[in-house]
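Encoded as C-alpha cells, the structure appears first; notes follow it.
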Ligand SMILES: NC(=O)c1ccc[n+]([C@@H]2O[C@H](COP(=O)([O-])OP(=O)(O)OC[C@H]3O[C@@H](n4cnc5c(N)ncnc54)[C@H](O)[C@@H]3O)[C@@H](O)[C@H]2O)c1
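In the working numbering, the protein residues as written are 120 to 562.
Structure representation (C-alpha cells):
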C-alpha cells in the first residue's frame, strides 16, 4: 500500500487555509505544540490515529508531529473526512493519511489496515475501531473483522500478529461510545494495554459533547435540509452530554423540543429543564425532526417509522450508524430511496409517506457540516496531546485498564483556555481556604 490514500492531492491549498482558520481558535493546543516542538516528548514514537479527518484533527496531528511522533492518520468514519484537509496533511506536512469522504466499508477497513501496518507504539481512537481490529487480529477472531481485513490478517504468521500488539505501550480514546467499548474489553480481560479515556475529562465532554455537538448537529441538519426549525417539533433522543447541548440549541432556534430517555434521572433533568419528555412511541407521532444521540441501537425502529408524519426528517449524531433502524425503513418502503438533496435520502413508505434520512444515519454534524467548531476541539485535542505525552512517560507503570485523564491535566487545560479567552477569576483568600477546609465553624 502506498503511504497515503486520499481523494485529490490538488485540494491541499484550500485544506491548508482551512486548517489555519481553525488554528486561530485553538490557542491551548498551540501552546502545547510550541512546547512539544522544543521538548520532543513523543520522539521516536509511532502513533496510529483513527480520528475524524477535520481541520482540528489536522492541527492535532501537526502538534504530535512537532512533538517527535511518526504518525499515520486514518478516518474514524466513512463520511466525516474533509478531503481538502487530508490533501493538506499529505502534501504540506508529509503525514501519511488514509481517508476519503464517502469511502465504502472495504476501503474504510483497508485504511485501518494501513494504521495497523504502521506498527504503532501508541493508538489514538475515536470509537475504538482501531484497537478492536488490533485485538481481534491478535486473538485470531477473524470472523469479527470486515472480510477483506480478515483475509489480510489470516495471511500473517502467528508471530507477525503477536508482534503487531507487542510494541503498543498504550492508547487514547476520544468518544463516549469508544470508552464504553474499552470498559467492556477491560471487564472481559481482553484489553491488552492501558488506554486513557479522553472523553471522560471535564474539559472534553462538558464542552465538546455539549456545546460542540449541540451547535454542529443543528448546523448539519440545516445545511442538509434548509428547513426552518422555528415552530417545529424537534425530538432529541438521549439527554446525555450531547443531548443536552442539542436540545438547548434546538430550543434556541425556536423549535418545541421533545426528549426521549431511558434513564429516569436524565428524564427528570429534561423535565426540569423545561422540555416535554415522553416515550419514542408517542414522540414518533409528533416529530417534524428527530435526532438520536444515545450511543444505543435501533432507538428509532420500525414501529416508530410507522407512526411518523409525512415529511419527517430523521438524523443521528451518535457515534455509530446503528441508532436509526434504516434496514427496517427500507423494508417498509417502495423501491430505493431517492437522493433529493446532498445528504437527504427520501424513502417512500408503502402507505405513501415520505421519510427523509440525513447522512445515511451517520453523525450528521460531520457528514453534512464540518464537525465541532475549533474552539471546543482546542480543549478535546489539548487533552489528546497531553494524554499522549503522559502515556509516553508513564506507560510502564500503568496496567491494562481504562484510565481517566489526570485531574491536573484537565484543570490546567481549563486554566489555559480561560487565559486565552482573557477571562480572569478569583482565588481563595487564606481565610476562605481555612474556612473551606475546617469543620469547627458553623452557625
Ligand atoms: N456527533 C459528535 O460529534 C459526537 C460528539 C461526542 C459524542 N458523540 C457520540 O454521541 C453519543 C452520545 O454521547 P454522550 O456523551 O451524550 O453520552 P451520554 O452517555 O452522556 O448520553 C447518552 C444518553 O442516551 C440515553 N439513552 C440510551 N439509550 C437510549 C434509548 N434507547 N432511548 C433514549 N435514550 C437513550 C442514556 O440514558 C444517556 O442519557 C455517543 O455515541 C458518543 O460517542 C458524538
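For glycine and all other residues, C-beta sits at the position ideal for the given N, C-alpha and C.
In this structure, residue 214 lies near residue 192, with their beta-carbon atoms less than 9 Å apart. Using a Cβ distance threshold of 9 Å, residue 417 and residue 447 count as a contacting pair. Not a single heavy atom of ligand 1 lies less than 8 Å from the C-beta of residue 305. Taking C-beta atoms as the reference points, residue 495 and residue 259 fail to come closer than 9 Å. Under the 8 Å Cβ criterion, the stretch 264-273 does not count as touching the stretch 241-250, having fewer than three qualifying pairs. Contact annotation, residue 370 with residue 435: C-beta distance approximately 20 Å; criterion of less than 8 Å not satisfied. By the neighbour-count criterion, in which a residue is buried when 16 or more other Cβ atoms sit within 10 angstroms of its Cβ, residue 380 is buried. Runs of beta strand (DSSP E) with 3 or more residues, each lying fully within the stretch 244-300, are found at 289-292, listed in chain order. In the three-state reduction of the DSSP assignment, residue 165 falls in the strand class, which pools E and B. Under the DSSP assignment, residue 408 falls in the beta strand (DSSP E) whose first and last residues are 408-411. For residue 491, the shortest C-beta to heavy atom distance toward ligand 1 is below 8 Å. One Cα belongs to residue 232, the other to residue 224, and the distance between them is close to 12 Å. For residue 473, the enclosing beta strand (DSSP E) starts and ends at 473-477. Taking a cut-off of 8 Å on C-beta distances, the stretch 172-188 touches the stretch 200-211, as three or more cross pairs fall below it. Among the bridge pairs identified by DSSP, residue 482 is matched with 435. Contact between residue 506 and residue 315 holds: their C-beta atoms lie close to 4 Å from each other, under 8 Å. The three-state secondary structure of residue 195, taken from DSSP, is coil. Uninterrupted beta strand (DSSP E) stretches at least 3 residues long and entirely within the stretch 301-339 occur at 314-316, given in chain order. The residues 288, 289 and 313, in chain order, have a CB closer than 7 Å to that of residue 514 in the same chain once the five nearest residues on each side in sequence are set aside. Per DSSP, reduced to three states, the secondary structure at residue 225 is helical.
Per the Cβ contact rule, the stretch 293-309 is not in contact with the stretch 440-456 (fewer than 3 Cβ pairs under 8 Å).
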